[in-house]
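Inspection log for the structure reproduced underneath, given as structure tokens.
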């Protein structure tokens with residue numbers, strides 16, 4: 114959190130900056146946890162969705178941003194068949 118912006122380093126070529134709405138409080142207790150709090154549940158949900166949209170979880174390596182209670186099912190990768198041409 115820098116001032117009124119949330120700056121996320123997500124492994125991209127640039128840092129992702131999201132402006133924090135005035136009615137919300139955003140804290141980062143650790144480097145991998147972002148807490149969004151506020152009085153309006155709709156606004157909290159919208160901002161949390163914006164944060165998640167910056168890098169959604171991909172199902173093969175389970176990397177990305179997810180909600181604390183979200184369960185993501187891992188997909189199996191391609192299988193290697195020996196002797197195939």
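Numbering (my numbering), first residue to last: 114 to 198. Note that CB positions come from ideal geometry on N, CA and C, so glycine has one too.
> Could you check where the alpha helix (DSSP H) with residue 150 kicks off and where it finishes?
Replying inline: Element bounds for residue 150: not the alpha helix (DSSP H) but the beta strand (DSSP E), 146-151.
> Between residue 195 and residue 120, what straight-line distance do the alpha-carbon atoms span, to the nearest angstrom?
Replying inline: The straight-line gap from Cα to Cα measures roughly 46 angstroms.
> With 16 other CB atoms within 10 Å as the buried threshold, where does residue 185 fall?
Replying inline: By the Cβ neighbour-count rule, residue 185 is exposed, with fewer than 16 other Cβ atoms within 10 Å of its own.
>> Check this for me: beta carbons of residue 132 and residue 118, under 8 angstroms apart or not?
In response: Yes, they are a contact pair.
>> Assuming residue 159 is part of the alpha helix (DSSP H), what are its boundary residues?
In response: Unbroken alpha helix (DSSP H) run through residue 159: 154-166.
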